[in-house]
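Residue numbering for the sequence shown follows my numbering, beginning at 8 and increasing consecutively.
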Amino acid sequence: MKCAVCYRTARGFCWVNSNLRRSDPNRYSDQWVFCSRRCQDAFSNLMEKTEGRMIDPTDMEFSAMKACLVPLGDYVGAIGMERTMADYSRDEVLMLIEVVITAYQDRMIAEHEQQAEKNRAFLEERLISQGKACSSGGLI
């Protein structure tokens with residue numbers, strides 16, 4: 008099975024629709040399996056925001072798409088811009104796909120890690136402020 012986020016081999020992580028009863032066969036789906044906790048968390052965040060409905064690409068996805076342009080342009084420039092796609096060999100097309108997917112995944116991972124760091128910093132700030140409130144005369 009393939010990870011629902013990055014399409015690598017899934018490794019035991021999954022997502023279930025907690026809005027459905029446990030007996031509902033739609034609650035569990037082999038479509039929603041993941042290779043890592045990072046991909047599982049990214050998918051879970053998306054599902055919470057969209058309530059399970061697929062929508063237009065997010066700003067993060069648009070950013071990842073734009074991040075593909077430079078590597079794509081570099082690769083096409085290296086093999087010859089004057090050539091049409093029909094003139095590419097099988098290996099050249101596969102490399103083109105790899106260049107785009109790698110750039111997209113790298114940007115999505117970087118964006119998710121940046122968002123996770125922001126969330127972590129926010130939570131740490133909250134914990135610190137709650138600790139100060141408790142130590143400065145508040146009830147524990």
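Where a beta carbon is used, it is the ideal one built from N, C-alpha and C, also for glycine.
Three-state secondary structure assigned by DSSP to residue i
{"i": "Cys46", "result": "helix"}
{"i": "Thr16", "result": "strand"}
Residue i versus the options, residue with shortest Cα-Cα distance
{"i": "Arg114", "options": "Val100, Gly84, Arg97, Leu76", "result": "Leu76"}
{"i": "Gly19", "options": "Val40, Met88, Cys13", "result": "Val40"}
{"i": "Thr16", "options": "Arg29, Leu27, Arg28, Ser43", "result": "Ser43"}
Close-in-space but distant-in-sequence residues of the same chain around residue i (CB under 8 Å, 5 per side omitted)
{"i": "Tyr95", "result": "Ile86, Leu103"}
{"i": "Tyr111", "result": "Ala71, Met72, Ala74, Cys75"}
Enclosing alpha helix (DSSP H) for residue i [first to last residue]
{"i": "Pro78", "result": "76-86"}
Neighbourhood of residue i by C-beta, 7 Å cutoff - its chain only, sequence neighbours within 5 removed
{"i": "Gly145", "result": "Model confidence at Gly145 stands at a pLDDT of 49, short of 50, so the residue's coordinates are unreliable and nothing is read from them."}
Which residue spans inside the stretch 80-141 form an unbroken alpha helix (DSSP H) run of at least 4?
-> Those alpha helix (DSSP H) runs which fall completely within the stretch 80-141 and span 4+ residues do not exist here.
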